[in-house]
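Some notes on the structure that comes next.
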Amino acid sequence: LPRGRFLELYQNIKSTGLVDFQSMECLPKVMHEERQHFENESRAYYTEHYPDMTYHGFTGFEYTPEGKHATLNRSIQEFYWPQHYVEPIENNTRALDYDAYSSSTRRGALETALD
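Take 3 as the starting number for the sequence shown in our numbering and just add one per residue.
Written out as structure tokens, the structure reads:
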């Protein structure tokens, strides 16, 4: 699904006024070999359209050296489920390319949905 088509879909749903939601997201399964391409595409898009925003690449729950859970740049994984498209972007920037699979709760929901 191209980014422009996702934005059109979001705008059409939002314009009906029938649905009230915080955000709409698209989570593609991204293999590690594709990660750089996805991050580069996002970085270029946000640099052009949201120049004041800092894009951090794929993020997710990771353990710090102190053994605490924190949202950090995502470590190397076989695959990722990033929240690649998010609308509206305002007030949802922390969700951009957050790997939902890094959260045990969201991982369970993804696995249930795929069954």
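Even for Gly, the Cβ is constructed at its ideal location relative to N, Cα and C. Please read these numbers as outputs of a predicted model, since none were measured by experiment.
Three-way DSSP call (helix, strand, coil) for residue i in this model
i: Leu-74; result: strand
i: Glu-92; result: coil
i: Thr-114; result: helix
i: Thr-61; result: strand
i: Phe-81; result: strand
i: Glu-68; result: coil
i: Tyr-87; result: strand
i: Tyr-52; result: coil
Residue i versus residue j: straight-line alpha-carbon distance, rounded
i: Ile-117; j: Pro-53; result: Looking at the sequence shown, residue 117 is not Ile but Asp. C-alpha separation (whole angstroms): 40 Å.
i: Arg-45; j: His-86; result: 11 Å
i: His-58; j: Glu-36; result: 17 Å
i: Ser-106; j: His-71; result: 12 Å
i: Phe-40; j: Ile-15; result: 25 Å
i: Leu-29; j: Ala-111; result: 13 Å
i: Arg-7; j: Gln-13; result: 10 Å
Own chain, CB closer than 7 Å to residue i, minus 5 neighbours either side, in chain order
i: Pro-90; result: Ser-25
i: Leu-9; result: Glu-89
i: Tyr-47; result: Arg-5
i: Pro-3; result: A quick correction: the sequence has Leu, not Pro, at residue 3. Here the set comprises Cys-28.
Nonlocal neighbours in the same chain, by C-beta distance under 6 Å from residue i, ignoring five residues either side
i: Ser-104; result: Gly-62, Phe-63
i: Leu-98; result: Val-88
Reference residue i; option with closest CA among the options
i: Phe-60; options: Pro-67, Glu-50, Leu-9, Glu-43; result: Glu-43
Supposed contact pair residue j and residue i - C-beta distance, whole angstroms, cut 8 Å
i: Val-32; j: Tyr-82; result: 5 Å
i: Ala-102; j: Arg-108; result: 4 Å
i: Glu-68; j: His-34; result: Between His-34 and Glu-68 the Cβ distance is about 26 Å, and since that is not below 8 Å, they are no contact.
Cβ neighbours of residue i in the same chain (closer than 8 Å, five flanking residues each side left out)
i: Leu-20; result: none
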